[in-house]
Every structure is written in structure tokens, then in C-alpha cells.
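Note that the sequence shown ends on residue 391 in this note's numbering; no numbers are left out. We put the CB at the ideal spot given by N, CA and C, even for glycine. For reference, the structure discussed in these notes is given below.
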Amino acid sequence: MERQIIVNYHYVENPSPRFSGIFPCSVEDFNRQINFLSQNYRIVSPSEVFEVAKAGNGEMLAAVTFDDGLKDQYQNVLPILKKYKVAAAFFPITATLEGHLPTAQKIHVLLSRLSAAEMCDTFNKFIKEFYPDLESAYQIPKDRRLTDKRMHEDICNANFKETMIFLPEDIKGRFLRYVFKNLGLNEKSISEELFMSSEEIADLKKQGMIIGGHSHNHYAMNVVGEETLKKDIELNKEILSGILKTAPTIFSYPHGRYSDTALKILKEAGYRYAFTIEKRGVAASDEPLLIPRYDTADLKTMLSFPRL
84 MERQIIVNYH YVENPSPRFS GIFPCSVEDF NRQINFLSQN YRIVSPSEVF
134 EVAKAGNGEM LAAVTFDDGL KDQYQNVLPI LKKYKVAAAF FPITATLEGH
184 LPTAQKIHVL LSRLSAAEMC DTFNKFIKEF YPDLESAYQI PKDRRLTDKR
234 MHEDICNANF KETMIFLPED IKGRFLRYVF KNLGLNEKSI SEELFMSSEE
284 IADLKKQGMI IGGHSHNHYA MNVVGEETLK KDIELNKEIL SGILKTAPTI
334 FSYPHGRYSD TALKILKEAG YRYAFTIEKR GVAASDEPLL IPRYDTADLK
384 TMLSFPRL
């Protein structure tokens, strides 16, 4: 086993037919994983894992992080962390506090109602009708992969999700509003159901958890311009600082995507550590703004922990 690791989570809840497009870590599996980590590692903050790895120390250390600020993290994760007497880092998206639903969660909701193939067909029809000049550039194929990312997902799921990442924000926003309206979905009510409130975020800090930045709008940071990126990072930090009464110093990249521009802006904003989704342990050669993390699914496969 690697000596210093960080494991990241998103949804921690039992599967629900209502949100079948979400593939969570079940509460039972999460409890099992924290038990495994606590028996084989000392669970500390993500920054301590980095600093110990940087120093070449051989101590077995692990950290646990949670992206997006999902309500199930507050409801299901916090009691288990308290049970094992460990702290973790949480990275909320702050636009959710204004009733907005990030693109990733809109996709999860839509894929709970339509198949990935149906979503590809719906998008292709939308592009043909509203942006005919861009049809050849953005049509989503169903018979070949657009990228080498999301290889664990089928072609339609992977292609639809990747298209939603690199699609210009104005077209993406219009498309998602179009589908939500056609399906009679209310963005604000779904956002309030899925995400923590500012009071819950503040309570996490009160209970000894670490809160970091995760952007305001959850843009992929390798596809948006510098001005938009700067405003997004600064607004996220401003809102969190108001809730926490202190400025966050750690950051998690939305979708795990980053750029040299993003690193520069984070440094200027005073962030000391930032986390990717590169799947490996932390090494002495790692940079503080490019710290790798495993995913919960990797932990299942890699560590093959025993059932209790």
C-alpha cells in the first residue's frame, strides 16, 4: 500500500430510483472504507498528508475529502466521521447557496429521467434546431468515443458528459434550461434538496471539519477565460469567508481540470494547497497546487478491503 494517500468522495447515500443517474458510494461502503483507512493509516488533514510526503517521511497517512457540498455529506458522512473521531475536508460549490444547480448535477438529474442515448439525441436535435452552423462541431456521436476520459463509462454517457464540459457556457446553459423546462423540473427546489445550506457548512467547521474552495459555478478550469475564472474563484472565496469567518486556504479543482492560469489565480488568491483527481498516492515531488487524490471507487479496487 502507498504510504500517503488522499481519497475523494462526492455522493454518499444509498441508491435511489428517483436519482438513478447518480452513482453514490453507499453509506455502508463509506463506513467500511473509513474503518479500513483508520485501521491502516492515521487519518489527518490533506495538507498534513502533503507535507509529510514532501519531507520523505514513511508514516502511513490518509486524508478524506468531499467535493461539491452535497447535503448527503452532511447527513450521512458527518456521523460516521464523528464515530471514528476523524476530520475531513469539504469543498462546497457556492452558487448552490443562491439556488443554482451546477451542470454536473443537472446532468445527473437528467440522466435519472432519460437514458444517455436519449440525451445525446435530444442534444443533437437541439443543436440542429437552434445552432445549425455549429451542428458539425458539436453533434454527439453514439458509435465512437470523443476523448479517452471516462473510459469506465459507456460511449453515450462519456460523450454526453464530456460535451457538456467543453461546450461554450451560453449554449450549455440554454440547452439545460431547454430540457429542464420540457421535463417540468425546478432547478431551485432540486438544488435545495441536493446541497448543503450555509448553516450546514458553518456547522461542519464548528464540528472540526476543514472547508475549502471549489469555485462558485463549478466551471472546468481548463476551458474558461482568465477573467471569468478569476471572478469565479474570488466570489467562491468571498462567500466561504463570510460563512466561515476565515478565508479558506485549500482548493479542489472542479471536474479535476486545471490550467496554468488557474494555478496563477489560486496563488494570487492566497490558496496554499489544491487537489486534482490524478489517481495515485502523494509523492515528495508533487507541487502544493497539484496534489493527487484517489476516488472512492479506486479505493474499492486498489485496496480490496475486507468486508466486516
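>> Between the alpha carbons of N319 and L349, how many angstroms are there, rounded?
In response: Here the alpha carbons of L349 and N319 stand approximately 12 Å from one another.
> Counting pairs of Cβ atoms below 8 Å between the region 166–182 and the region 322–338, do you hit three or more?
Replying inline: Contact between the region 166–182 and the region 322–338 is established, with three or more Cβ pairs separated by less than 8 Å.
> Nearest to K362 by alpha carbon, out of A352, Y356, Y377, K271?
Replying inline: Out of A352, Y356, Y377, K271, Y377 has the C-alpha closest to the C-alpha of K362.
> Using CA coordinates, which residue listed in A303, L229, K347, E181 is at the minimum distance from S272?
Replying inline: The residue with the shortest Cα to Cα distance from S272 is E181.
>> Which residue wins for smallest C-alpha separation from Q156, given the options A380, E276, A366?
In response: Ranked by how close their Cα comes to the Cα of Q156, the residues A380, E276, A366 have E276 in first place.
> Taking the C-alpha atoms as reference points, what is the distance between I117 and L164?
Replying inline: Each residue's Cα considered, the two are about 8 Å apart.
> Among L382, K255, K313, L327, which residue has its Cα nearest to the Cα of F206?
Replying inline: If we check each option's Cα against that of F206, K255 comes out closest.
>> The alpha helix (DSSP H) that contains D122, what's its start and end?
In response: Before going further, note that residue 122 is Gln rather than Asp in the sequence given. Where Q122 is concerned, the enclosing alpha helix (DSSP H) stretches over 110–123.
>> Short of 8 Å in beta carbon distance, which residues of its chain neighbour G141, apart from the five on each side in sequence? Order them along the chain.
In response: Here G141 has R86 as same chain residues with Cβ atoms under 8 Å from its own Cβ, once five neighbours each way along the sequence are excluded.
>> Extract the residue ranges of the beta strand (DSSP E) inside the region 264–342, only unbroken runs of 3 or more that lie entirely within it.
In response: Taking 3 residues as the minimum length, the beta strand (DSSP E) runs contained wholly in the region 264–342 are 333–335, in order along the chain.
> How would you write the range of the alpha helix (DSSP H) that I360 sits in, first residue to last?
Replying inline: For I360, there is no enclosing alpha helix (DSSP H), as DSSP gives it neither H nor E.
> Where do the N-terminal and C-terminal ends of the beta strand (DSSP E) with F209 fall, by residue?
Replying inline: No beta strand (DSSP E) holds F209; the alpha helix (DSSP H) holding it covers 199–213.
> Do T186 and F278 have their C-beta atoms within less than 8 Å of each other?
Replying inline: Taking 8 Å as the Cβ cut-off, T186 and F278 do not qualify as a contacting pair.
> Thinking C-alpha only, which one of I284, V306, Y261, I190 is nearest C239?
Replying inline: When only C-alpha atoms are compared, the closest one is I190.
> So L229 packs on E245, CB below 8 Å; how close in whole Å?
Replying inline: Right, their Cβ atoms sit about 5 Å apart.
> What is the residue span of the beta strand (DSSP E) that Q87 lies within?
Replying inline: Bounds of the beta strand (DSSP E) holding Q87 are 87–92.
> To the nearest angstrom, how far is it from the Cα of G295 to the Cα of A136?
Replying inline: Here the alpha carbon of G295 sits roughly 21 Å from the alpha carbon of A136.
>> Pop quiz: N300 and D315 are said to be a contact at Cβ under 8 Å. What is the actual Cβ separation, rounded to whole angstroms?
In response: About 6 Å separates the two Cβ atoms, so the contact holds.
> Assuming I248 contacts A303 under a Cβ cut-off of 8 Å, what Cβ separation, rounded to an integer in Å, is found between them?
Replying inline: Indeed, because the Cβ distance is near 5 Å, the residues count as touching under 8 Å.
> Which term fits F113, buried or exposed, when burial requires 16 or more other beta carbons within 10 angstroms of its beta carbon?
Replying inline: By the 10 Å Cβ count, F113 comes out buried.
> Alpha carbon to alpha carbon, what distance is there between S195 and P100?
Replying inline: Their backbone Cα atoms lie some 8 Å apart in a straight line.
> Where does P175 fall in DSSP's three states?
Replying inline: In the structure shown, P175 falls within a strand segment according to DSSP collapsed to helix, strand and coil.
>> I need the DSSP call for D67, collapsed to helix, strand or coil.
In response: The first residue shown for the chain is 84 and the last is 391, placing residue 67 beyond what the model contains.
>> Excluding the 5 residues flanking Y167 on each side, which residues of the same chain have their C-beta closer than 8 Å to its C-beta?
In response: Same-chain partners within the cutoff: I117, N118, S121, I126.
> Of all the options A345, S280, K225, which has the alpha carbon lying nearest to the alpha carbon of E396?
Replying inline: The structure shown does not extend to residue 396, since the chain is modelled only from 84 through 391, so no value can be given for it.
>> Would P107 and Y356 be called neighbours here (beta carbons separated by less than 8 Å)?
In response: At the C-beta level, P107 and Y356 stay beyond 8 Å of one another.
> Apart from the five residues on each side of it in sequence, which residues of its chain come closer than 6 Å, Cβ to Cβ, to G139?
Replying inline: Here the set comprises A367.
> When DSSP labels each residue in this structure, what does D381 get in the three-state scheme?
Replying inline: D381 falls in the helix class under three-state DSSP.
> If you draw a straight line from the alpha carbon of N242 to that of K232, how long is it in whole angstroms?
Replying inline: Between N242 and K232, the C-alpha separation is close to 9 Å.
> Rounded to the nearest angstrom, how far is the Cβ of G339 from that of T359, given a contact under 8 Å?
Replying inline: With a Cβ gap of about 5 Å, G339 and T359 count as contacting.
> Is H235 buried or exposed, if buried means 16 or more other CB atoms sit within 10 Å of its CB?
Replying inline: With fewer than 16 Cβ atoms within 10 Å of its Cβ, H235 is classed as exposed.
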